[in-house]
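Right, one structure below, let's go through it.
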Amino acid sequence: MWDLGMTIEVETPAVGGLELVVARLAEWQVDGGAVQLHPGDLGWFWRYGAEQTAAAVRTWARDGELLAVGMLDEPDLLRVAIAPGAQEDEELARRIAADVADPAAGVLVEGKVYLETPNDSRVRDLLFVAGWELDDPWQPLERDLAEPVEDSGLAVEIVTAETAAVRVGVQRASFDGSTFSEERWHAMAGGTPYARARCLIGRDAAGEAVGAITVWSAGKGRPGLIEPLGVHRNHRGHGYGRAMTLAGAAALRELGASRAQVLTPCFNEGAIATYRSAGFELLPQRRDQYRKA
1 MWDLGMTIEV ETPAVGGLEL VVARLAEWQV DGGAVQLHPG DLGWFWRYGA EQTAAAVRTW
61 ARDGELLAVG MLDEPDLLRV AIAPGAQEDE ELARRIAADV ADPAAGVLVE GKVYLETPND
121 SRVRDLLFVA GWELDDPWQP LERDLAEPVE DSGLAVEIVT AETAAVRVGV QRASFDGSTF
181 SEERWHAMAG GTPYARARCL IGRDAAGEAV GAITVWSAGK GRPGLIEPLG VHRNHRGHGY
241 GRAMTLAGAA ALRELGASRA QVLTPCFNEG AIATYRSAGF ELLPQRRDQY RKA
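Written as structure tokens, this is what we have:
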């Protein structure tokens, strides 16, 4: 379908190659740039272990230079970040489009599949021409961290190996069907992205753990990510979501982040309202593309 050159190579990196992948993803996070796959997304996936994380990653490179990184959130969903200077690179776009369209390339499975790429990337244009369609919208939000963040009103503590069980308990009580565990927390905390991350739990006046958040920095002066935020199902309706969001934003500022970013489905009006109440502003919506089965 696409006339391809031979200079772009796609591969699945070895575990040892993940450090470079994380470094490049961090460099691609820029103020005012596309909201796209963040090193924190890899960091949260790392709860499944380094080997499974590496197996979920796809990279596209020219002459050894990484131009795009994809992560399989699911076997049928690939999230792709593209280097800021390569968003309109025709050869790269054609190679990515060809690889995601061909199950034999080992990037996406057969049948109905989904692809997330930056809104203005050339690859989106090519896939629309090939018949791919738009999926349901997602809402990115961000808060500028130039000024100090107001106090959350909660007793907030940084999660350590000794309090990982509490963090896990809040996560499992916040998301139905969660499979988070202490083992997975330790795997995540041992991953490369977690060196610039922070896990927090918030406690109410009685000392009960009511909420938790994990935030990921991409380095000083770059946007950081919230992934995930949760409020214990037994403690909802008290403003703890806003409080934990403020705590997470403050932690990102301490880590040197320029902005705090988060992404949530547009149908999740409660989450959007929570982030707005914590000073986050709406960014242009994002929509994955999908290929019918």
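Note that the sequence shown covers residues 1 to 293 in the UniProt record's numbering.
Backbone N, C-alpha and C fix where the C-beta goes; we use that ideal spot for every residue, glycine too.
Since this is a predicted model, take the numbers as computed values, not measurements.
Assignment of L115 by DSSP, reduced to helix, strand and coil, places it in the strand class.
Judged by DSSP secondary structure, E227 falls within the beta strand (DSSP E) whose first and last residues are G224 to V231. Under the 10 Å beta carbon count, P265 is surrounded by fewer than 16 other beta carbons and is classified as exposed. As DSSP reads the structure, D136 sits in no beta bridge.
Beta-bridge analysis with DSSP links P265 to W138. DSSP places E65 in no alpha helix (DSSP H) but in the uninterrupted beta strand (DSSP E) bounded by E65 to E74. Annotated three-state conformation of L42 is helix, per DSSP. Pairing I201 with V159 gives a Cβ-Cβ distance under 9 Å. With contacts defined as CB atoms closer than 9 Å, T214 and R198 qualify as a contacting pair.
In the same chain as T274, and ignoring 5 residues on each side of it, the C-beta atoms closer than 7 Å to its own belong to G241, R242 and T245, in chain order.
The stretch 43–52 and the stretch 6–13 do not touch, with fewer than 3 CB-CB distances between them shorter than 8 Å. Between R122 and V231, the alpha-carbon positions lie close to 39 Å from each other.
Our two residues, A104 and R291, have alpha carbons roughly 16 Å apart in a direct line. Between the C-alpha atoms of L66 and L134 there is a straight-line separation of about 27 Å. Taking C-beta separations shorter than 6 Å and ignoring five residues to either side along the sequence, the partners of A209 in its chain run V166, V170, I201 and R203, following chain order. Going by DSSP, A250 is part of the alpha helix (DSSP H) stretching over Y240 to E254. Apart from the 5 residues on each side of it in sequence, A155 sits with its Cβ closer than 6 Å to the Cβ of R203 in its chain, given in chain order. Note: D144 is bridge-paired with R259 in the DSSP secondary-structure output. Excluding five sequence positions before and after D288, the CB atoms of its chain that fall closer than 7 Å to its own CB belong to Y114, L115, E116 and D135, given in chain order.
Annotation for A173: H232 and R233 place their beta carbon closer than 6 Å to its own, counting only its chain and skipping 5 residues before and after. C-alpha of W60 to C-alpha of V69: approximately 6 Å in a straight line. Within the model, the alpha-carbon separation for D99 versus E110 is close to 12 Å. Per DSSP, the unbroken beta strand (DSSP E) holding V80 starts and ends at L77 to I82. DSSP places T53 inside the alpha helix (DSSP H), whose first and last residues are A50 to A55.
For the stretch 173–227, the full-length beta strand (DSSP E) segments reaching 3 residues or more read 197–203 and 209–216 along the chain.
Looking at V129, Q36, F180 and T163, the one whose alpha-carbon comes closest to that of Q139 is Q36.
By a beta-carbon distance limit of 8 Å, R276 does not contact P223. Their separation comes to about 18 Å. In this structure, A101 is the residue among A101, P118 and G153 with its C-alpha nearest to the C-alpha of G131.
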